[in-house]
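> If you read the sequence shown in this note's numbering, its first letter stands for residue 7, the second for the next number, and so on. Glycine is no exception: its CB is placed at the ideal position from the N, C-alpha and C atoms.
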Amino acid sequence: MVYGGGLPHVFLVNGGPLEVVRQYKYVGVTVCSDKRDIFADHYETKASKGRNVARAVFCAESFVGTIPVRTGRTLYLARVDPHLTGGCEIVIDVGGEGLKGLRDVQVQFVRRLLGIGSRAIVASLFTETGFMPIGHRRLILALRYLQYLLRLPPHQYAAAAMRDTFALAGSSQACWATDIRLVLRRLCVGLEGAWHALQDFKSVDDIIAAVEGAAGKEQQDELDRSHRLVLLQGRVNPDLIAEPGFSPLKYRAYLDVHIPAHRKALTRLMVAQHPLAVELLRRRERYRAYVPKPMRICRFCRVHVEDEVHVLLLCTGDAALTDVRQEFSTGISHVIPRLPSMDGIAFIQAVVDGPMEGVAIFARFVHRVFARVDAVPMIIPASARINAVRVG
Numbered sequence: 007m008v009y010g011g012g013l014p015h016v017f018l019v020n021g022g023p024l025e026v027v028r029q030y031k032y033v034g035v036t037v038c039s040d041k042r043d044i045f046a047d048h049y050e051t052k053a054s055k056g057r058n059v060a061r062a063v064f065c066a067e068s069f070v071g072t073i074p075v076r077t078g079r080t081l082y083l084a085r086v087d088p089h090l091t092g093g094c095e096i097v098i099d100v101g102g103e104g105l106k107g108l109r110d111v112q113v114q115f116v117r118r119l120l121g122i123g124s125r126a127i128v129a130s131l132f133t134e135t136g137f138m139p140i141g142h143r144r145l146i147l148a149l150r151y152l153q154y155l156l157r158l159p160p161h162q163y164a165a166a167a168m169r170d171t172f173a174l175a176g177s178s179q180a181c182w183a184t185d186i187r188l189v190l191r192r193l194c195v196g197l198e199g200a201w202h203a204l205q206d207f208k209s210v211d212d213i214i215a216a217v218e219g220a221a222g223k224e225q226q227d228e229l230d231r232s233h234r235l236v237l238l239q240g241r242v243n244p245d246l247i248a249e250p251g252f253s254p255l256k257y258r259a260y261l262d263v264h265i266p267a268h269r270k271a272l273t274r275l276m277v278a279q280h281p282l283a284v285e286l287l288r289r290r291e292r293y294r295a296y297v298p299k300p301m302r303i304c305r306f307c308r309v310h311v312e313d314e315v316h317v318l319l320l321c322t323g324d325a326a327l328t329d330v331r332q333e334f335s336t337g338i339s340h341v342i343p344r345l346p347s348m349d350g351i352a353f354i355q356a357v358v359d360g361p362m363e364g365v366a367i368f369a370r371f372v373h374r375v376f377a378r379v380d381a382v383p384m385i386i387p388a389s390a391r392i393n394a395v396r397v398g
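Rendered as structure tokens:
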């Protein structure tokens with residue numbers, strides 16, 4: 007490896023000269039000497055391999071059809087995750103650039119698996135599938151490796167190296183243990199004082215639980231701050247989030263709807279990636295300005311705001327839409343005969359969290375409603391239209 011000036015002498019190994027290189031791979035970890043981050047090439051290699059494997063997984067859809075979400079989750083953990091976590095026991099994510107590449111691969115995989123676009127809020131990808139954000143997952147695996155080191159006999163080299171790195175960290179020197187401390191400080195507010203606990207096996211278990219809790223709280227806080235994800239808010243009692251072992255990162259049962267088109271329609275409804283005006287008109291387009299929410303008028307009744315609850319449960323401005331809703335009401339009453347009376351958002355959440363048969367009926371209903379929505383042009387206020395300027 008090239009560090010500093012030229013070598014004054016040639017080193018020989020087994021009679022041959024030791025070659026000077028810009029990068030070298032040792033036990034699966036690529037180290038380079040010509041970049042600020044010595045693990046930059048390692049991050050790039052792992053992200054590239056993870057991306058290629060993810061593409062190969064979805065190439066199978068041309069032979070087997072749409073991959074079920076539960077199956078895709080298993081394939082991710084078996085084929086993609088090993089690349090994204092490769093070397094995480096040694097390569098601690100102090101810098102952000104390398105981790106960003108790995109995170110992009112993970113997010114893109116989950117988006118494609120769910121069938122949603124790039125505008126979906128990232129937190130919803132984790133709270134609906136149960137995936138752990140890659141930064142937190144890599145830190146947890148590094149902490150488990152630390153537990154392995156703590157249980158080694160003192161005379162082994164790895165145990166001696168661990169003692170040395172803690173000694174260096176104690177004197178505020180850059181080392182492996184210091185890197186773990188920095189990442190803990192960034193990802194888990196309140197764990198700054200857990201430095202000495204890292205040297206105790208059982209205390210590391212508590213730190214791992216705290217990292218898992220921090221991952222869930224971070225995603226839940228992002229959901230709660232969003233004004234788009236109204237159907238994902240209020241599902242969790244705030245008092246439960248602080249309880250040990252609780253996590254909002256769960257695999258949601260509605261993702262097991264068998265018909266892919268129905269499942270994707272329901273998923274897009276839940277994560278606000280649907281074709282309703284309340285979502286589409288919040289974004290500026292090339293020839294359309296931002297439209298305030300009160301002006302995102304329903305394309306059917308032309309009176310109320312076209313949002314999820316109005317179109318699915320309330321609007322009477324279209325006969326076909328009303329017929330579809332009546333059919334849904336009849337079907338769901340057989341599955342949940344005593345569905346409690348509640349407001350629109352709570353009703354949708356209750357159905358989605360209810361029996362799987364009822365979820366399938368609701369998913370089919372959402373799919374048919376969205377098909378009807380796509381068939382009728384959206385109302386765009388004249389004040390939002392931007393006329394094209396002819397040049398020449």
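1) Cβ of V70 within 7 Å of Cβ of L145?
2) Is it the case that the Cβ atoms of H48 and V97 are separated by a distance below 7 Å?
3) Can you list, in chain order, the residues of its chain with a C-beta nearer than 6 Å to that of F45? Leave out the 5 residues immediately preceding and following it.
4) Using a Cβ-Cβ cutoff of less than 7 Å, which residues in the same chain neighbour L158 once the five nearest sequence positions on both sides are dropped?
5) Less than 7 Å between CB atoms is the rule here; does R144 satisfy it with respect to chain B?
6) Only counting the same chain, and skipping five residues up and downstream in sequence, which positions put a Cβ closer than 8 Å to that of A366?
7) Would the beta-carbon of A215 fall within 7 Å of that of L193?
8) Buried or exposed for A66, please, with buried defined as at least 16 other CB atoms from any protein chain shown within 10 angstroms of its CB.
9) How about P300 and V379: are their beta carbons less than 7 Å apart?
10) What number of angstroms, rounded off, separates the C-alpha of D211 from the C-alpha of R150?
11) On the three-state DSSP scale, how would you describe V341?
12) Please identify the residue among A203, I122, V27, G92 whose C-alpha is closest to the C-alpha of A271.
13) Does the Cβ-Cβ distance between T133 and Q225 come in under 7 Å?
14) Below 8 Å on the Cβ atoms is my guess for A283 versus R308; work out the distance and round it to an integer in Å.
15) When the Cα atoms are used, what is the spatial distance from V111 to A53?
16) Taking the alpha-carbon positions, what's the V358 to R370 distance?
17) Look at I385 and R305 and say whether their C-beta atoms are less than 7 Å apart.
18) Is DSSP giving C321 helix, strand or coil here?
19) Which residues does DSSP pair with K41 in a beta bridge?
20) Taking only the alpha-carbon atoms, compute the straight-line gap between T171 and S253 and give it to the nearest angstrom.
21) One question on the structure: do G104 and G34 come within less than 7 Å of each other, judged by their Cβ atoms?
22) T77: buried (16+ other C-beta within 10 angstroms of its C-beta) or exposed?
23) Between the Cα of M362 and those of S39, I342, M138, V315, spot the shortest distance and give me the residue it belongs to.
24) Tell me where the alpha helix (DSSP H) around Q153 begins and ends.
25) In angstroms with no decimal places, state the Cα-to-Cα distance between A356 and T273.
26) What do you reckon, are the CB atoms on V315 and G350 nearer than 7 Å?
27) Specify the secondary structure class of P387 as computed by DSSP and reduced to three states.
28) Between I402 and S209, which are expected to be in contact by the criterion C-beta below 8 Å, what is the C-beta distance as a whole number of angstroms?
29) Could you have a look at T91 and say whether DSSP puts it in helix, strand or coil?
30) Between which two residues does the beta strand (DSSP E) containing K31 stretch?
31) Alpha carbons only, please: which of R28, H89, L261 is nearest the one belonging to L120?
32) Since P266 is in the alpha helix (DSSP H), which residue starts that stretch and which ends it?
33) What are the start and end residues of the alpha helix (DSSP H) that includes R109?
34) Specify the secondary structure class of Y49 as computed by DSSP and reduced to three states.
35) For I303, does the three-state DSSP call read helix, strand or coil?
36) If you run the structure through DSSP and keep just helix, strand and coil, what is E291?
Taking the structure as given:
1) Within the sequence shown, numbered from 1, the residue matching residue 70 stands at position 64. Within the sequence shown, numbered from 1, the residue matching residue 145 stands at position 139. Cβ atoms of V70 and L145: not closer than 7 Å.
2) Translated into the one-based positions of the sequence shown, residue 48 becomes position 42. Translated into the one-based positions of the sequence shown, residue 97 becomes position 91. Yes. Within cutoff.
3) Here residue 45 refers to the residue found at position 39 when the sequence shown is read from its first residue. Excluding sequence neighbours, F45 sits near V97.
4) Position 152 of the sequence shown holds residue 158. Only A164, A165 meet the Cβ criterion.
5) Absent from the structure is chain B; it holds one protein chain and no more.
6) For the purposes of this step, residue 366 is taken as the residue at position 360 of the sequence shown. Excluding residues within five positions, the ones whose Cβ falls inside 8 Å are V263, H264, I265, H268.
7) Locating residue 215 in the sequence shown gives position 209, counting from the first residue. Locating residue 193 in the sequence shown gives position 187, counting from the first residue. No; because the gap between Cβ atoms is not below 7 Å, this pair is not in contact.
8) In the sequence shown, the residue the question calls residue 66 occupies position 60. Exposed.
9) Within the sequence shown, numbered from 1, the residue matching residue 300 stands at position 294. Within the sequence shown, numbered from 1, the residue matching residue 379 stands at position 373. Contact flag unset, no.
10) If you number the sequence shown from 1, residue 211 lands on position 205. If you number the sequence shown from 1, residue 150 lands on position 144. When rounded, the distance between both Cα atoms is 8 Å.
11) Along the sequence shown, read from residue 1 onward, the residue named residue 341 stands at position 335. The answer is helix: DSSP assigns V341 an H, G or I state.
12) As a working mapping, residue 271 is identified with position 265 in the sequence shown. Closest option to A271, Cα to Cα, is I122.
13) Within the sequence shown, the letter at position 127 stands for residue 133. Within the sequence shown, the letter at position 219 stands for residue 225. Cβ atoms of T133 and Q225: closer than 7 Å.
14) Reading the sequence shown from its first residue, position 277 is the one you call residue 283. Reading the sequence shown from its first residue, position 302 is the one you call residue 308. Not quite, the Cβ-Cβ distance comes to about 11 Å (not below 8 Å), so this is no contact.
15) For the purposes of this step, residue 111 is taken as residue 105 along the sequence shown, with counting starting at 1. For the purposes of this step, residue 53 is taken as residue 47 along the sequence shown, with counting starting at 1. Using only the alpha carbons, I get a separation of about 7 Å.
16) Here residue 358 refers to the residue found at position 352 of the sequence shown. Here residue 370 refers to the residue found at position 364 of the sequence shown. Roughly 12 Å between the two C-alpha positions.
17) On the sequence shown, residue 385 is found 379 positions in, with the first residue counted as 1. On the sequence shown, residue 305 is found 299 positions in, with the first residue counted as 1. Contact: yes.
18) Stepping through the sequence shown from its first residue, residue 321 is reached at position 315. Correct three-state label for C321: coil.
19) As a working note, residue 41 is residue 35 in the sequence shown. Bridge partners of K41: none, in fact.
20) For this step, residue 171 is matched to residue 165 along the sequence shown. For this step, residue 253 is matched to residue 247 along the sequence shown. If I take the Cα positions, the gap works out to 33 Å.
21) One-based indexing of the sequence shown puts residue 104 at position 98. One-based indexing of the sequence shown puts residue 34 at position 28. No; because the gap between Cβ atoms is not below 7 Å, this pair is not in contact.
22) As a position in the sequence shown, residue 77 is number 71, starting the count at 1. Counting Cβ neighbours within 10 Å, T77 comes out exposed, since fewer than 16 surround it.
23) Here residue 362 refers to the residue found at position 356 when the sequence shown is read from its first residue. With distances taken between Cα atoms, M362 lies closest to I342.
24) Here the question's residue 153 lines up with position 147 in the sequence shown. Start and end: 140-156.
25) Translated into positions along the sequence shown, residue 356 becomes position 350. Translated into positions along the sequence shown, residue 273 becomes position 267. In a straight line, the C-alpha of A356 is about 15 Å away from that of T273.
26) As a working mapping, residue 315 is identified with position 309 in the sequence shown. As a working mapping, residue 350 is identified with position 344 in the sequence shown. Yes, these two residues count as a Cβ contact at 7 Å.
27) Residue mapping note: residue 387 aligns to position 381 of the sequence shown, counting from 1. DSSP places P387 in coil when its eight states are reduced to three.
28) No information on residue 402 is available, as it lies outside the stretch 7 to 398 that the chain covers here.
29) Taking the first residue of the sequence shown as position 1, residue 91 is located at position 85. Three-state DSSP puts T91 in coil, outside helix and strand.
30) As a position in the sequence shown, residue 31 is number 25, starting the count at 1. Looking at the DSSP string, the run of the beta strand (DSSP E) that includes K31 is 29-32.
31) Residue numbering aside, residue 120 sits at position 114 when the sequence shown is read from its first letter. Measuring from the Cα of L120, the nearest candidate turns out to be L261.
32) Stepping through the sequence shown from its first residue, residue 266 is reached at position 260. That run of the alpha helix (DSSP H) goes 266-276.
33) Your numbering for residue 109 matches position 103 in the sequence shown. Looking at the DSSP string, the run of the alpha helix (DSSP H) that includes R109 is 103-120.
34) For this step, residue 49 is matched to residue 43 along the sequence shown. Reduced to three states, the DSSP call for Y49 is helix.
35) Residue 303 sits at position 297 when you count from the first residue of the sequence shown. Looking at I303 - three-state DSSP - the assignment turns out to be strand.
36) Here residue 291 refers to the residue found at position 285 when the sequence shown is read from its first residue. Three-state result, E291: strand.
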